[in-house]
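Under my numbering, the residues of the sequence shown are numbered 351 to 603, in order. Heads up, the beta-carbon is just placed ideally off N, CA and C, and yes, glycines get one too. Every value quoted in this text rests on a predicted model; they were computed, and no experiment measured them. Since the structure comes first, as structure tokens, the remarks are kept for the end.
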Amino acid sequence: MYKKIIIANWKMNPDAPGRAVRLAREIERGINQIKNIEVVVAPPHPFLMEVGKILRKAKLGAQNMHWANVGPYTGEVSWHQLKHCGAKYVIVGHSERRIHLGETDTLINKKIRAAVTSGLVPVLAVGEQKRTTDKKMRMILAGQIVKDLAGISRNAFGKGIIAYEPVWAIGTGKTATPKHAKIALESIKEILRKLWNTKSVSLPVLYGGSVDAKNAATFVAKSGGGMDGLLVGSAGLHPNEFVAIIKKAATAA
Ligand code: PGA
């Protein structure tokens, strides 16, 4: 249905532009021959331009944006500026921003609205903070998604993506099981069907949280998690590992 989508979220790494460029080059070299997959690299804002110049097959993504086009918002970066840098995707609502920077669903909603109007593809990140029951997880996801997408129609969300990232799995080496990911995926689809009052919803839902080359295939395999792709953190900073993840995901059945 969709090309699987694999996104590298570099977070606040690497420390210098030369390293960012080298990383991007190695990733490009590694994915050159891989077919039928959409790869996105999301470097920190100061490296967007440099990394964008290197990327050919992979697309450029940003990790955050402000909702306004221009204005007195010290330290912020607008979607307009991101587009000038060549960004096509933008991650919105990552748990690290929700937790460490107090980003609320209201802010996230403004950003998603701005992203879809600007033509950037939003990657809305949602997920429960602690391991919990399936029922509680569904409630948490519903709470986030309904607020984050309030007033945004199915049409308006367009090519938008949802990334399911259980916070307890991020950077911990403890992944969700493929079964858990599938329950989350089905819950997200159900929440969206209700929100948009429609019988079926088709849009890419990614898994994120301690993805590596060993577990990548299980999340995207139809017989496993059935996810449409992966949001990769630390492994995205290791080109060999990241390329291996992409290869595994591309061939997972
Ligand atoms: P991780 O991060 O792969 O290092 O767990 C994932 C993310 O935060 O998107």
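Extent of the continuous alpha helix (DSSP H) to which residue i belongs
i: Lys480; result: Careful: Lys480 lies outside any alpha helix (DSSP H) and carries neither H nor E.
i: Val561; result: Neither: Val561 is in no alpha helix (DSSP H) and is coded neither H nor E.
i: Leu457; result: Asp455 to Ser468
i: Phe502; result: Reading off the sequence, residue 502 comes out as Ile, not Phe. Element bounds for Ile502: n/a, residue is neither H nor E.
Proximity to residue i [Cα-Cα], best of the options
i: Lys486; options: Ala500, Lys529 and Ile533; result: Ile533
i: Leu556; options: Gly477, Asn547 and Arg369; result: Gly477
i: Asp498; options: Lys564, Thr525, Glu536 and Ile441; result: Ile441
i: Thr601; options: Ala526, His434, Pro393 and Ala571; result: Ala571
i: His377; options: Asn505, Ile404 and Lys361; result: The amino acid at residue 377 is misidentified as His; the sequence shows Ile. Nearest option by C-alpha distance: Ile404.
i: Gln479; options: Tyr514, Leu373 and Gly425; result: Tyr514
i: Ile512; options: Thr527, Val593, Tyr423 and Val551; result: Val551
i: Glu536; options: Ile520, Pro554 and Ala519; result: Pro554
i: Thr482; options: Val517, Pro367 and His450; result: Val517
i: Gln413; options: Ala358, Ala366 and Lys460; result: Ala358
i: Leu587; options: Arg379, Val391 and Ile387; result: Val391
Any non-hydrogen atom of the ligand PGA within 7 Å of residue i CB
i: Leu553; result: no
i: Ser537; result: no
i: Leu581; result: yes
i: Ala585; result: yes
i: Gly559; result: yes
i: Ile356; result: no
Whole-angstrom C-beta distance between residue j and residue i, which should lie under 8 Å
i: Thr525; j: Gly493; result: Not really, about 23 Å apart at Cβ, beyond 8 Å.
i: Arg488; j: Thr548; result: Their Cβ separation, rounded to whole angstroms, is 19 Å, which puts Arg488 and Thr548 out of contact at 8 Å.
i: Phe592; j: Pro528; result: At roughly 20 Å, the Cβ-Cβ gap does not stay under 8 Å, so Phe592 and Pro528 are not in contact.
i: Gly411; j: Ala437; result: 6 Å
Unbroken beta strand (DSSP E) run spanning residue i, endpoints
i: Val389; result: Ile387 to Ala392
i: Ile355; result: Lys354 to Asn359
i: Leu581; result: Gly579 to Val582
i: Lys409; result: Lys409 to Ala412
Inset, instruction - Could you tell me whether the stretch 392-402 touches the stretch 444-459, where touching means 3 or more Cβ pairs closer than 8 Å? - result: The stretch 392-402, when compared against the stretch 444-459, does not touch it at the 8 Å Cβ threshold.
Legend entry - the stretch 427-439 contacting the stretch 460-478, beta-carbon criterion three pairs below 8 Å: yes
Legend entry - the stretch 488-508 contacting the stretch 452-459, beta-carbon criterion three pairs below 8 Å: The stretch 488-508 and the stretch 452-459 touch, with no fewer than 3 CB-CB distances between them shorter than 8 Å.
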